[in-house]
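Line order of the protein sequences matches chains V and R.
For the first sequence, numbering that gives the first Met the number 0 assigns the number 0 to the initial residue and increments by one for each residue that follows.
For the second sequence, numbering that gives the first Met the number 0 assigns the number 0 to the initial residue and increments by one for each residue that follows.
Number of protein chains: 2
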Amino acid sequence: MVKNSIDVSKLLAGDRRSVARAISFVENENAGAEQFLSEIYQHTGNAYRIGITGPPGAGKSTLTNKLARYYRSQNLKVGIIAVDPTSPFTGGALLGDRVRMSEVEMDQGVFIRSMASRGSLGGLSKKTREAADILDAAGFHIILFETVGVGQSELDIAGAADTTVVVLVPESGDGIQAMKAGLMEIADFFVMNKSDRPGADQAVMSIKMILGFRPHDEHSWMADVVKSTASEGLGIEKIASEISRHRNFLASSGEFEKRRSKQMKSRIEEIVSDKFTITFWNSDRKQQLDQLLSKIISRNRTPYDVAEELLKK
Amino acid sequence: MVKNSIDVSKLLAGDRRSVARAISFVENENAGAEQFLSEIYQHTGNAYRIGITGPPGAGKSTLTNKLARYYRSQNLKVGIIAVDPTSPFTGGALLGDRVRMSEVEMDQGVFIRSMASRGSLGGLSKKTREAADILDAAGFHIILFETVGVGQSELDIAGAADTTVVVLVPESGDGIQAMKAGLMEIADFFVMNKSDRPGADQAVMSIKMILGFRPHDEHSWMADVVKSTASEGLGIEKIASEISRHRNFLASSGEFEKRRSKQMKSRIEEIVSDKFTITFWNSDRKQQLDQLLSKIISRNRTPYDVAEELLKK
Numbered sequence: 000m001v002k003n004s005i006d007v008s009k010l011l012a013g014d015r016r017s018v019a020r021a022i023s024f025v026e027n028e029n030a031g032a033e034q035f036l037s038e039i040y041q042h043t044g045n046a047y048r049i050g051i052t053g054p055p056g057a058g059k060s061t062l063t064n065k066l067a068r069y070y071r072s073q074n075l076k077v078g079i080i081a082v083d084p085t086s087p088f089t090g091g092a093l094l095g096d097r098v099r100m101s102e103v104e105m106d107q108g109v110f111i112r113s114m115a116s117r118g119s120l121g122g123l124s125k126k127t128r129e130a131a132d133i134l135d136a137a138g139f140h141i142i143l144f145e146t147v148g149v150g151q152s153e154l155d156i157a158g159a160a161d162t163t164v165v166v167l168v169p170e171s172g173d174g175i176q177a178m179k180a181g182l183m184e185i186a187d188f189f190v191m192n193k194s195d196r197p198g199a200d201q202a203v204m205s206i207k208m209i210l211g212f213r214p215h216d217e218h219s220w221m222a223d224v225v226k227s228t229a230s231e232g233l234g235i236e237k238i239a240s241e242i243s244r245h246r247n248f249l250a251s252s253g254e255f256e257k258r259r260s261k262q263m264k265s266r267i268e269e270i271v272s273d274k275f276t277i278t279f280w281n282s283d284r285k286q287q288l289d290q291l292l293s294k295i296i297s298r299n300r301t302p303y304d305v306a307e308e309l310l311k312k
Numbered sequence: 000m001v002k003n004s005i006d007v008s009k010l011l012a013g014d015r016r017s018v019a020r021a022i023s024f025v026e027n028e029n030a031g032a033e034q035f036l037s038e039i040y041q042h043t044g045n046a047y048r049i050g051i052t053g054p055p056g057a058g059k060s061t062l063t064n065k066l067a068r069y070y071r072s073q074n075l076k077v078g079i080i081a082v083d084p085t086s087p088f089t090g091g092a093l094l095g096d097r098v099r100m101s102e103v104e105m106d107q108g109v110f111i112r113s114m115a116s117r118g119s120l121g122g123l124s125k126k127t128r129e130a131a132d133i134l135d136a137a138g139f140h141i142i143l144f145e146t147v148g149v150g151q152s153e154l155d156i157a158g159a160a161d162t163t164v165v166v167l168v169p170e171s172g173d174g175i176q177a178m179k180a181g182l183m184e185i186a187d188f189f190v191m192n193k194s195d196r197p198g199a200d201q202a203v204m205s206i207k208m209i210l211g212f213r214p215h216d217e218h219s220w221m222a223d224v225v226k227s228t229a230s231e232g233l234g235i236e237k238i239a240s241e242i243s244r245h246r247n248f249l250a251s252s253g254e255f256e257k258r259r260s261k262q263m264k265s266r267i268e269e270i271v272s273d274k275f276t277i278t279f280w281n282s283d284r285k286q287q288l289d290q291l292l293s294k295i296i297s298r299n300r301t302p303y304d305v306a307e308e309l310l311k312k
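1) Excluding the five sequence neighbours on either side, which residues of its own chain have a C-beta within less than 8 Å of the C-beta of L62 (chain R), listed in chain order?
2) Would you mind stating whether F144 (chain V) and I156 (chain V) have Cβ atoms separated by less than 7 Å?
3) What's the gap between the Cα of R97 (chain R) and the Cα of T127 (chain R)?
4) In the DSSP assignment, what are the bridge partners of S113 (chain R)?
5) Please state if the CB of V164 (chain V) and the CB of M114 (chain V) are separated by a distance shorter than 7 Å.
6) If I measure Cβ to Cβ from L94 (chain V) and keep anything under 7 Å in the same chain, skipping five residues before and after, which residues do I get?
7) Give the residues from the stretch 286-301 of chain V that approach chain R closer than 7 Å (Cβ to any Cβ), ordered along the chain.
8) Is there a Cβ from chain V that is less than 7 Å from the Cβ of M221 (chain R)?
9) Based on Cα-Cα distance, which residue from V:G108, V:G56, V:K65 and V:I80 lies nearest to N74 (chain V)?
10) Classify K294 (chain R) as buried or exposed, calling it buried when 16 or more other Cβ atoms lie within 10 Å of its own Cβ.
11) Within 10 angstroms of its Cβ, does S101 (chain V) collect 16 or more other Cβ (buried), or is it exposed?
12) Is it buried or exposed, S252 (chain R), if we count other Cβ atoms within 10 angstroms and call 16 or more buried?
13) At the level of alpha carbons, what is the spacing between G91 (chain V) and Q34 (chain R)?
14) In three-state terms, what does DSSP make of F88 (chain V)?
15) I'd like the ranges of any alpha helix (DSSP H) spanning at least 4 consecutive residues and lying wholly in the stretch 225-308 of chain V.
16) Considering just the uninterrupted stretch of the beta strand (DSSP E) at R71 (chain V), what are its terminal residues?
17) Given a threshold of 16 other Cβ atoms within 10 Å of its Cβ, counted over all protein chains shown, does F188 (chain R) qualify as buried or as exposed?
18) Show which residues of chain R have a CB atom less than 9 Å away from the CB atom of R41 (chain V).
19) Taking only beta carbons into account, state which residues of the stretch 42-64 of chain R come closer than 9 Å to chain V, listed in chain order.
20) Output, in sequence order along the chain, the residues in the stretch 247-264 of chain R whose CB is closer than 9 Å to any CB in chain V.
21) Note down, in chain order, every chain V residue with its Cβ under 8 Å from the Cβ of V165 (chain R).
22) Which whole-angstrom value describes the C-beta separation of P197 (chain R) and P169 (chain R), a residue pair presumed to lie in contact below a C-beta threshold of 8 Å?
23) Any chance the CB of D106 (chain V) is under 6 Å from a heavy atom of the ligand MN?
24) Check whether the Cβ atoms of A186 (chain R) and A136 (chain R) lie closer than 7 Å to each other.
25) Name the one or two DSSP bridge partners that I142 (chain V) has.
26) Do A206 (chain V) and V224 (chain V) have their CB atoms nearer than 7 Å?
27) If we call anything under 7 Å between Cβ atoms a contact, is P302 (chain R) one with R258 (chain V)?
28) In chain order, what residues of the same chain lie with their CB nearer than 7 Å to the CB of D106 (chain V), ignoring the 5 residues before and after it?
29) Could you check whether the Cβ of I238 (chain R) sits closer than 7 Å to any Cβ belonging to chain V?
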């Protein structure tokens with residue numbers, strides 16, 4: 000019933016209310032969400048997806064907003080999906096939306112949505128990609144995924160993008176720390192934001208040094224470091240031009256298709272896992288687990304044989 | 000065969016080589032790992048598990064090492080499981096081990112293991128808990144989980160602890176940012192590390208203010224903020240005493256059993272998912288997916304109906 004309230008043709012025409020409703024619909028795992036996503040799927044694949052990630056406090060939101068404005072000045076429609084790892088309890092995602100709203104203002108060509116990562120039922124990166132599909136089908140040209148933190152799921156979301164930008168600040172530590180945080184592998188390039196602060200040049204050097212150690216040849220993409228001071232709008236054009244250089248590289252090297260194939264594979268794996276989990280944990284099995292729990296805690300059963308028993312039923 | 004090389008009785012006696020081998024065995028998902036874990040499971044449940052998390056650069060490693068030394072001075076055996084979100088490619092986890100080694104030195108009562116989160120097959124928090132079980136069975140009294148970053152999986156690991164400590168620095172931003180990063184919900188208390196830096200008192204105040212907004216009554220645990228300068232060993236005893244105060248609260252309030260039950264539940268869900276995934280993605284299904292991939296990319300099929308088709312077979 001709810002499904003009928005989302006008019007697919009209106010969504011495809013770019014109607015903002017339909018976009019907002021469709022994302023909520025998918026986020027809340029309404030019955031029929033999958034049917035709806037299947038219907039719009041053929042209208043996706045046109046938007047360019049950019050991941051913006053990095054440690055908290057690096058200025059990702061500011062940079063994302065400025066980048067959105069830049070693309071607006073090129074007359075491109077921009078969707079922003081910001082993943083805030085908060086639950087409904089703290090209301091962080093909602094707060095995030097409000098803070099953002101005031102910054103990019105009420106431009107009809109920008110759609111901003113915060114998604115809470117905690118307390119969600121299905122896989123986070125599944126829902127994030129689905130929200131991106133909705134924006135894609137609605138005719139948004141650029142989709143910016145902004146993820147707080149450097150965690151596994153957050154990196155996965157950034158990795159679902161065509162171009163992934165890792166934002167650091169001079170205080171983020173040196174290249175070794177970025178390497179330890181797993182950022183080297185997902186970054187298509189780095190932004191050293193707040194580069195007016197002391198230590199910026201040294202931090203850039205140390206990232207470049209580590210980047211130089213990566214195996215590469217003349218045909219491979221060389222990640223670079225771009226300096227910015229997003230709060231003052233400095234370096235935004237350079238970032239946009241680096242994104243565009245990477246986009247051209249992907250297109251000319253055939254990497255674009257390879258990346259999208261790889262991403263689709265992991266996406267299907269996630270859909271399969273989600274479907275299994277939802278079907279498997281019916282009320283019967285939940286009840287069985289509840290009954291067996293005390294035996295596991297008292298060490299009379301092991302978690303492994305209980306899992307096995309549940310799977311066999 | 001490999002399994003036979005780990006002598007369970009030697010492990011239970013606390014033999015370090017057996018511990019190291021057992022963790023590698025489990026980490027590499029060797030056949031028989033589950034059988035092995037089932038065998039030792041009855042000897043677990045005695046160690047107290049402490050999660051140390053927070054943004055990169057907050058000084059978690061230093062603080063963890065100092066805390067380990069403190070517990071050693073109480074004659075307790077300490078296991079440290081550090082999750083470095085790096086893949087075998089960058090070798091970050093290995094590097095981490097080496098850096099750590101020199102700090103805590105070759106004390107026989109401390110066992111340190113870095114686990115890489117990227118590139119691992121099964122669920123990260125599953126393996127981390129299994130490594131903790133091995134240390135627990137081997138007679139380690141305290142297990143410290145140290146996780147880099149504030150991402151979803153990393154928070155899950157911290158959440159698998161009895162007491163979770165969130166380490167911040169004055170530069171981490173204010174309470175609102177900590178809230179947005181989802182740290183408020185997992186923190187049993189906060190440590191403001193590097194508190195000799197400017198802005199420390201203000202940062203502590205802002206966290207305390209947000210903490211005060213949380214719903215609570217006289218029976219509930221009130222998270223506090225402890226100041227430290229771990230690099231100089233300042234505040235370590237206060238941290239240990241806050242951990243101990245929380246431990247007493249858990250025991251007297253009955254929260255300890257509730258927490259462990261809840262954790263066991265999520266642990267079994269993870270075991271079930273892992274078992275399903277491993278069984279499901281056999282070579283046949285992998286091949287089928289590879290064949291269907293181009294049709295999905297060209298929008299002739301949707302990811303949903305392909306997932307459905309694979310699940311039906």
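C-beta atoms are modelled at their ideal positions from N, C-alpha and C, and glycine is treated no differently.
Keep in mind it's a predicted model, so treat the numbers as computed, not measured.
The structure says:
1) For the purposes of this step, residue 62 (chain R) is taken as the residue at position 63 of the second sequence. Sequence-distant Cβ neighbours of L62 (chain R) in its own chain, meaning closer than 8 Å and more than five residues away, are I51, V166, V190, N192, S227, A229, I235 and I238.
2) Position 145 of the first sequence, counting from 1, holds the residue named residue 144 (chain V). Position 157 of the first sequence, counting from 1, holds the residue named residue 156 (chain V). Closer than 7 Å, so yes.
3) Position 98 of the second sequence, counting from 1, holds the residue named residue 97 (chain R). Position 128 of the second sequence, counting from 1, holds the residue named residue 127 (chain R). Caution applies to R97 (chain R), whose pLDDT of 42 falls short of 50 and renders its modelled position unreliable; the value that the coordinates give is listed next. Distance between R97 (chain R) and T127 (chain R), taken at the CA atoms: about 19 Å.
4) Position 114 of the second sequence, counted from the first residue, corresponds to residue 113 (chain R). Answer by DSSP bridge pairing, in chain order: R:A81.
5) Against the first sequence, residue 114 (chain V) aligns to sequence position 115. Against the first sequence, residue 164 (chain V) aligns to sequence position 165. Contact check for M114 (chain V) against V164 (chain V) fails: the beta carbons are separated by 7 Å or more.
6) Position 95 of the first sequence, counted from the first residue, corresponds to residue 94 (chain V). With a pLDDT of 45 at L94 (chain V), under the threshold of 50, the predicted position of this residue should be treated as unreliable, though the coordinate-derived value follows. None.
7) Residues L288, L292, I295, I296, R298 and T301.
8) Against the second sequence, residue 221 (chain R) aligns to sequence position 222. Chain V, which has no Cβ nearer than 7 Å to the Cβ of M221 (chain R), makes this no.
9) Within the first sequence, numbered from 1, the residue matching residue 74 (chain V) stands at position 75. Measuring from the Cα of N74 (chain V), the nearest candidate turns out to be V:G108.
10) Counting from 1 along the second sequence, the entry for residue 294 (chain R) is found at position 295. Residue burial annotation: K294 (chain R) is exposed, with fewer than 16 other C-beta atoms found within 10 angstroms of its C-beta.
11) As a first step, residue 101 (chain V) is located in the first sequence; it is residue number 102 there, counting from the start. Annotation note: pLDDT 49 at S101 (chain V) (below 50); position unreliable, no value reported.
12) Working through the second sequence from its first residue, we reach residue 252 (chain R) at position 253. Answer is exposed; the Cβ neighbour count stays below 16.
13) One-based indexing of the first sequence puts residue 91 (chain V) at position 92. One-based indexing of the second sequence puts residue 34 (chain R) at position 35. Per-residue confidence for G91 (chain V) stands at a pLDDT of 41, beneath the threshold of 50, marking its modelled position as unreliable; the derived number appears in the next sentence. Roughly 43 Å separates the two Cα atoms.
14) In the first sequence, counting from the first residue as 1, residue 88 (chain V) sits at position 89. Residue confidence for F88 (chain V) is low, a pLDDT of 36 falling below 50, so the modelled location carries little weight; the figure read from the coordinates is stated next. In the structure shown, F88 (chain V) adopts coil according to DSSP, grouped into three states.
15) You should have 235-252, 254-279 and 282-296.
16) Counted from its first residue, the first sequence places residue 71 (chain V) at position 72. The continuous stretches of beta strand (DSSP E) do not include R71 (chain V), which lies in the alpha helix (DSSP H) extending over residues K59 to S72.
17) Residue mapping note: residue 188 (chain R) aligns to position 189 of the second sequence, counting from 1. Buried, by the Cβ-count rule.
18) Locating residue 41 (chain V) in the first sequence gives position 42, where the first residue counts as 1. In the sequence as presented, Arg is not what sits at residue 41 (chain V); that position holds Gln. The contacting residues are R298, N299 and T301.
19) So the list reads H42, T43, G44, P54, P55 and G56, given in the order they occur along the chain.
20) Answer set for the stretch 247-264 of chain R: E256, R259, S260, M263 and K264.
21) Position 166 of the second sequence, counted from the first residue, corresponds to residue 165 (chain R). Correct list: empty, because the minimum Cβ distance to chain V is about 12 Å.
22) Indexing the second sequence from 1 puts residue 197 (chain R) at position 198. Indexing the second sequence from 1 puts residue 169 (chain R) at position 170. Sure, about 7 Å apart at Cβ, within 8 Å.
23) For the ligand MN, the structure offers nothing, since it holds no ligand at all.
24) Here residue 186 (chain R) refers to the residue found at position 187 when the second sequence is read from its first residue. Here residue 136 (chain R) refers to the residue found at position 137 when the second sequence is read from its first residue. Taking 7 Å as the cut-off, the beta carbon of A186 (chain R) is found no closer than this to the beta carbon of A136 (chain R).
25) Position 143 of the first sequence, counted from the first residue, corresponds to residue 142 (chain V). V:R48 and V:G78.
26) On the first sequence, position 207 is the one that residue 206 (chain V) refers to. On the first sequence, position 225 is the one that residue 224 (chain V) refers to. A quick correction: the sequence has Ile, not Ala, at residue 206 (chain V). For I206 (chain V) and V224 (chain V), yes; Cβs fall inside 7 Å.
27) Along the second sequence, one-based indexing puts residue 302 (chain R) at 303. Along the first sequence, one-based indexing puts residue 258 (chain V) at 259. Not in contact: P302 (chain R) and R258 (chain V) (Cβ atoms no closer than 7 Å).
28) Counting from 1 along the first sequence, the entry for residue 106 (chain V) is found at position 107. Answer for D106 (chain V): R71, listed in chain order.
29) As a first step, residue 238 (chain R) is located in the second sequence; it is residue number 239 there, counting from the start. Output row for I238 (chain R): interface = no.
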